[in-house]
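Chemist: Numbering (our numbering), first residue to last: 608 to 889.
A virtual CB, placed ideally from N, CA and C, is assigned to each residue, including glycine.
The structure under discussion is supplied below as structure tokens; questions concerning it will follow.
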């Protein structure tokens, strides 16, 4: 995979993701696909909407970003096995992604900071940020007093941006799959979260047990899943429903809660899943 020397010790870890019950209205949005309401958030996810074009016309940097993001969206939409191409995009475009993040309307990090504040009362809790990118969520958590943070991302360029800010204790540069990485202990984190990473071309649903196995019993894994991704069969709500039931049956999940909202960007229906680790063993 991408190799780059980081000044801070680099470890490897695995990630995994999940889902629970899905409301009828969200299911209907998925069925409609590109129809009316979904048309806008599909473009807001990676495509260029009319609003994006208007904003871009007034801001050259933002316009350039939207054009580059459009190419990424097309890669994600047209090819199922595209994780290498998506990773290459982040390595190449890390700087413009960082520079235009707020202007592009991304908000998912805020929801994960709020959820962490609710779940992690002990600010010494050990937390892993999967698909950490340049450390948007981690930076805010550190500002709020959470110092025991590690960050994991498959893009060395994105992780380098986080390292420059001295956000995490460990910078784990690796991709996430369905198998346990050899140098990561099971049940080693109190909390593992993945903000915006479970998505077509990014982390597959098969990464869910991987992230969960890094969580201590009674700890939490939380992540978001957009209706844009759920339109693809390999990311469907039904598949996620089945996965969480299997984890429950194996004693690996003791509870699963969800909340619906717009946790990625305004106008993009998204569900956050909060999974409590059971006492079962992998």
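May I have the straight-line CA-CA distance separating residue 810 from residue 681, to the nearest angstrom?
Modeler: Stepping through the chain shown from its first residue, residue 810 is reached at position 203. Stepping through the chain shown from its first residue, residue 681 is reached at position 74. One C-alpha to the other measures close to 17 Å.
Chemist: Please state whether DSSP places residue 643 in a helix, a strand or coil.
Modeler: As a position in the chain shown, residue 643 is number 36, starting the count at 1. A caution first: residue 643 carries a pLDDT of 28, below 50, which makes its placement in the model too unreliable to give a value.
Chemist: At which residues does the alpha helix (DSSP H) containing residue 824 begin and terminate?
Modeler: The residue given as residue 824 occupies position 217 in the chain shown. Where residue 824 is concerned, there is no enclosing alpha helix (DSSP H), although the beta strand (DSSP E) it sits in stretches over 822-833.
Chemist: Candidates 769, 879, 672, 834: which alpha carbon is nearest residue 919's?
Modeler: For the chain, the structure presents residues 608 to 889; residue 919 sits outside this window and is missing.
Chemist: Alpha carbon to alpha carbon, what distance is there between residue 703 and residue 754?
Modeler: The residue labelled residue 754 in the question sits at position 147 within the chain shown. The residue labelled residue 703 in the question sits at position 96 within the chain shown. Computed Cα separation, rounded: 28 Å.
Chemist: Give the DSSP-derived three-state secondary structure of residue 666 in the structure shown.
Modeler: Counting from 1 along the chain shown, the entry for residue 666 is found at position 59. Correct three-state label for residue 666: coil.
Chemist: Please state if the CB of residue 798 and the CB of residue 737 are separated by a distance shorter than 8 Å.
Modeler: Within the chain shown, the letter at position 130 stands for residue 737. Within the chain shown, the letter at position 191 stands for residue 798. Not closer than 8 Å, so no.
Chemist: What's the call for residue 604, buried or exposed, on a 16-neighbour Cβ count within 10 Å?
Modeler: Residue 604 lies beyond the stretch modelled for the chain, which goes from 608 to 889, so this question has no answer here.
Chemist: Could you pull out every residue in the same chain whose Cβ sits closer than 7 Å to the Cβ of residue 796, ignoring the five residues on either side in sequence?
Modeler: In the chain shown, residue 796 corresponds to position 189, counting from 1. 733, 734, 735, 821, 822, 823, 826.
Chemist: Per DSSP, what are the beta-bridge partners of residue 881 in this structure?
Modeler: Numbered from 1 along the chain shown, position 274 holds the residue referred to as residue 881. In DSSP, residue 881 forms a bridge with 829, 864.
Chemist: Identify whether residue 777 lies in helix, strand or coil by the three-state DSSP scheme.
Modeler: Numbered from 1 along the chain shown, position 170 holds the residue referred to as residue 777. Three-state DSSP puts residue 777 in a strand.
Chemist: In whole angstroms, give me the CA-to-CA distance for residue 772 and residue 756.
Modeler: Numbered from its first residue, the chain shown carries residue 772 at position 165. Numbered from its first residue, the chain shown carries residue 756 at position 149. C-alpha separation (whole angstroms): 13 Å.
Chemist: Hey, how far is the Cα of residue 794 from the Cα of residue 828?
Modeler: One-based indexing of the chain shown puts residue 794 at position 187. One-based indexing of the chain shown puts residue 828 at position 221. For residue 794 and residue 828, the distance between alpha carbons rounds to 11 Å.
Chemist: Sort out for me which residues DSSP pairs residue 737 with in a bridge.
Modeler: Sequence index remark: in the chain shown, residue 737 carries index 130 (1-based). Paired residue(s): 759, 801.
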